[in-house]
Amino acid sequence: MIEFRNVYKTYDNGTKALRDLNLRVNEGEFVFIVGSSGAGKSTLLKILMREETPNSGEVIVNNTRLSTLRHRDIPYYRRTLGMVFQDFRLIPKMSVFDNVAFAMRVTGASTKAIRKKVPYVLSHVGLSDKAKCYPNELSGGEQQRVGLARALINNPALIIADEPTGNVDPRMSFEIVDMLNQINRNNGTTILMVTHEHALVRKFRRRIVEIQNGELVADSGPEVDYYV
Amino acid sequence: MFNNFKYLVREGLRNAWANRLMTFASIGVLVCCLVLMGSAVLVSVNITHVMELFEDKNVVMVFLNDTVSGSDTAMTVADVQKQILTVENVDPDKVEFVPKEKGFSSLMNRFDEKLKIMETLGDTANILPDAFKVGFKDPTRYETTVQQLKNLPVVLTVRDNREYAEKLMGINQTVTVVGTWIVGLLLVVSLFIITNTIKLTMYVRKLEISIMKSVGATDWFIRMPFLVEGIVIGLIAGLISFGLVSYIYSAAASSITDVMATGVLPYGSLFFNLLMAFLGSGILSGTIGSLVSIRKYLRNDGGLYDD
Ligand SMILES: Nc1ncnc2c1ncn2[C@@H]1O[C@H](COP(=O)(O)OP(=O)(O)O)[C@@H](O)[C@H]1O
Ligand SMILES: [Mg+2]
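Top to bottom, those sequences are chains A and B.
Going letter by letter, the first sequence gives residues 1 to 228 in my numbering.
Going letter by letter, the second sequence gives residues 1001 to 1307 in my numbering.
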C-alpha cells in the first residue's frame, strides 16, 4: 500500500526533515506515527499528500510512484486519499452539509449523488442533526467529525490524519480515534495517524512507528503482512 | 459537469458581491479605459468618413463675386461658365452650377431653431454666393489650376478641399497617437486593479483554495469562480461604457451637425460593432486579469496545511 524507500527530505532553508527513511505499510493497517515536535512526522505525511517531494528516494502509494505524478495528475491522486488536519480546515461560511458536499462536488459528482451520500456519511460520524449548523456552532470534537466525514466522502483507500485530536478535548479525542478504528476495521481503510497522545496509542494497541530527527527509530512491526 | 458549471458560476457571482467595493473599483477603472478608447475610435472613424467625402480631391468649389448675376452687370451663368472653361485644366464635363438659393437652403437645413430668424429676412440675408463645382482633367496640376481659377475676375474664392483633408489627417493622426498611449496606459492600470481585486478575493479564500486542493480539485475547478468574477466585471464595465459612449456620441453628434456640413456618421451603423467591441474588450481584460492573478496559487502543489 505505502512504501518509503531511502527517502531524504531537506527543505530549501537547509533543514534536514527526513534522512534515509524506510517504511512499508500494508493495506488495512492502522499506524500511529509518534515522535517529538519537529521530528519530521508532518513532512512524511506531506510527501504522501504530494504537497512536498523528497530530494531522493522513492515513495509508492497504491502502485503509484509519486515521483512520476505530473502536476495535472495530482488532483486525481488526492481524491484517493482522505486528509484530516489538526485545525479541522472547515470553511466557516459553509454549513456542515456543504463542507462535506464540497469534497464531493470537486470530483464532479451530481447534486443528486451528493444529496444521497452526504447524509449517509454524516450519520456515520453521528452528526445527522448538525447538518445545517455552521462550524463555529460546533465543539472541537464535532468539527473534527465533520473533517472526518469530509475525508470519508470519496471512499478513500487511505486516510492520513495529522494530530487530529490536537484541538479536541480528551473524551472527544477517544471518540474520534475510535471512529477511525471502526472505519479501519469495517472498511479495511488504511490509516496513518500522527499523534502526541500516548494514552490513545496505548489504548488502541495498533502499529506504532516512531520518528526522531528525521529517522525512523522504532517500529512495532506490521499488523498484517499480506505479502509475506 | 453541468452541475459543476452552475455551481462554479454561482460561486463566482457570490465572490464578486462579497468583494463588491473592489469589484466596483475595477469596473470604474475599466469603464474609464473603455470610454476613452471608444471615443478615440469614434473620432477617428468619423474623420476617416469625412475624408472619404473629400476623397475626390480633384473637385473644388468656386465661389463667385456678387457682381455675377447682380442687377447691373448681369453676367449670365453661361458667361461665367465660359470664363471658367478658359482655364485649360478644367474638365468641361465636370463643371456644375450651384445657385446660391440651393447652397443657402442646404445650409439652412443644418441649422437649428435659433437661426431660423435668418430665413424670415429672405433674400437680403442670403449671404452665400453663387458657386460652381469644378473638376480637373489632370490632378497633378491641382495647385496651379486653383491659382488660375482664383485669378479669374468673376471668382471670389476657391474652397480648397486639400487643405481640409490635410488638417483632418493631422487631427486623425494626433487622435490615434494620443489615444493609443492613453488607452495603453489605462489598460495596464485596469489590469493591475482587476488583478489586485481578484488577489484580494483570493487572500480571503486562501483557506478555501487549500481545502479544494486537498480534496483533489483540478486547476480549472479552482479557477472557474475567479474567471467568472473577472468576466462579470468586464461585462458590466463593457455595458456601462457602451451606454456612456452612446450618450456622449448622440449629444456630440447634434452639436457637430450644426457646425459641420458633413455631419457625423449615424450612430445606428456603429451600434452593433461598438457594443461587440466593448463587451469583447471588457471580457478579455477580465479574463486575463483573473487568470494572471490565480496563476501563482496553482503553480505549486503545496499549501494544503497553511492559509
Ligand atoms: N516548509 C518548511 N520549510 C523549512 N523547514 C521546514 C518546513 N516544514 C517543516 N520544516 C522543518 O522540518 C522539520 C520537521 O518538521 P515537521 O515535519 O513539521 O515535524 P513534526 O510534524 O514532526 O513536528 C522541523 O525542523 C521543521 O522546522
Ligand atoms: Mg507536525
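Ideal Cβ positions, reconstructed from N, Cα and C, are used throughout, including at glycine.
If you're wondering where the values come from, they're calculated on a predicted model, not measured in any experiment.
Could you tell me whether the Cβ of residue i comes closer than 8 Å to any Cβ of chain A?
i	result
S1246 of chain B	no
G1012 of chain B	no
G1282 of chain B	no
N1015 of chain B	no
N1019 of chain B	no
Y1305 of chain B	yes
Y1297 of chain B	no
N1004 of chain B	yes
D1112 of chain B	Only weak support is given to the placement of D1112 of chain B: the predicted model assigns it a pLDDT of 46, under 50, and the question is left unresolved by the model.
If the cut is a Cβ gap below 7 Å, which residues of chain A does residue i touch?
i	result
T1218 of chain B	P75
F1221 of chain B	V106
Y1007 of chain B	R105
Using 8 Å as the threshold, is the C-beta distance between residue i and residue j below it?
i	j	result
T189 of chain A	T165 of chain A	no
I33 of chain A	R50 of chain A	no
I191 of chain A	V61 of chain A	no
L23 of chain A	V209 of chain A	yes
S37 of chain A	D162 of chain A	no
L138 of chain A	M179 of chain A	no
G1303 of chain B	I1194 of chain B	no
L45 of chain A	I160 of chain A	yes
I153 of chain A	V121 of chain A	yes
T1145 of chain B	F1136 of chain B	yes
L1156 of chain B	L1064 of chain B	yes
I176 of chain A	R205 of chain A	no
Y77 of chain A	T68 of chain A	no
R55 of chain A	T107 of chain A	Checking the sequence, you will find Asn at residue 55 of chain A rather than Arg. Cβ distance not < 8 Å, so N55 of chain A and T107 of chain A don't count as in contact.
G1028 of chain B	V1245 of chain B	no
C1033 of chain B	L1187 of chain B	yes
G1286 of chain B	I1233 of chain B	yes
V1087 of chain B	F1132 of chain B	no
Y1249 of chain B	L1030 of chain B	no
I1294 of chain B	R1205 of chain B	no
So what does residue i bridge to, in DSSP terms?
i	result
F4 of chain A	A:L23, A:V59
I211 of chain A	A:L216
A113 of chain A	Paired residue(s): none; A113 of chain A is not in a bridge.
V1135 of chain B	What sits at residue 1135 of chain B in the sequence shown is Gly, not Val. DSSP, once it has assigned bridges, lists B:V1059 as partnering G1135 of chain B.
G188 of chain A	DSSP lists no partner for G188 of chain A.
G82 of chain A	A:I159
I33 of chain A	A:V194, A:V209
R1159 of chain B	B:M1061
F1097 of chain B	B:F1132
V1050 of chain B	Paired residues: none, contrary to the question.
T64 of chain A	A:V61
S132 of chain A	The sequence given here places Lys at residue 132 of chain A; Ser does not occur at that position. Partner(s): none; K132 of chain A has no beta bridge.
L18 of chain A	A:K9
V1090 of chain B	B:F1136
Does residue i get closer than 8 Å to chain B when you measure Cβ to Cβ?
i	result
H196 of chain A	no
F4 of chain A	no
T64 of chain A	no
F85 of chain A	yes
R78 of chain A	yes
M49 of chain A	yes
Give the residues of chain A in contact with residue i, contact being defined as C-beta atoms less than 8 Å apart.
i	result
I1209 of chain B	Neighbours of I1209 of chain B on chain A: none; closest Cβ ~11 Å, over 8 Å.
Mind listing the chain B neighbours of residue i? Cutoff is C-beta to C-beta under 8 Å, in chain order.
i	result
H124 of chain A	Simply none; closest approach about 18 Å.
F32 of chain A	By Cβ distance, chain B contributes nothing, its closest Cβ being about 20 Å from F32 of chain A, past 8 Å.
I91 of chain A	L1207, E1208, I1211
Taking C-beta pairs closer than 9 Å, name the residues in chain B that residue i reaches, listed in chain order.
i	result
L52 of chain A	Reading the sequence as shown, one finds Glu at residue 52 of chain A and not Leu. Those are D1301, G1302, listed as they occur along chain B.
R185 of chain A	Residues of chain B passing the Cβ test: none, with the nearest at roughly 25 Å.
Cβ closer than 7 Å: which chain B residues qualify as neighbours of residue i?
i	result
G57 of chain A	Residues of chain B passing the Cβ test: none, with the nearest at roughly 18 Å.
A103 of chain A	V1215
- Message: Three Cβ pairs or more, each shorter than 8 Å: is that satisfied between the stretch 12 to 29 of chain A and the stretch 161 to 177 of chain A?
- Response: no
- Query: Is the number of C-beta pairs between the stretch 1232 to 1251 of chain B and the stretch 1272 to 1279 of chain B that are closer than 8 Å three or more?
  - Reply: Yes, the stretch 1232 to 1251 of chain B touches the stretch 1272 to 1279 of chain B.
- Counting Cβ pairs closer than 8 Å, one from the stretch 1009 to 1020 of chain B and one from the stretch 100 to 120 of chain A, do we hit at least three? no
- Message: Could you check whether the stretch 1167 to 1182 of chain B touches the stretch 1149 to 1156 of chain B, counting it as contact only if at least three pairs of C-beta atoms, one from each stretch, sit closer than 8 Å?
- Response: With the cut-off at 8 Å, the stretch 1167 to 1182 of chain B and the stretch 1149 to 1156 of chain B do not touch.
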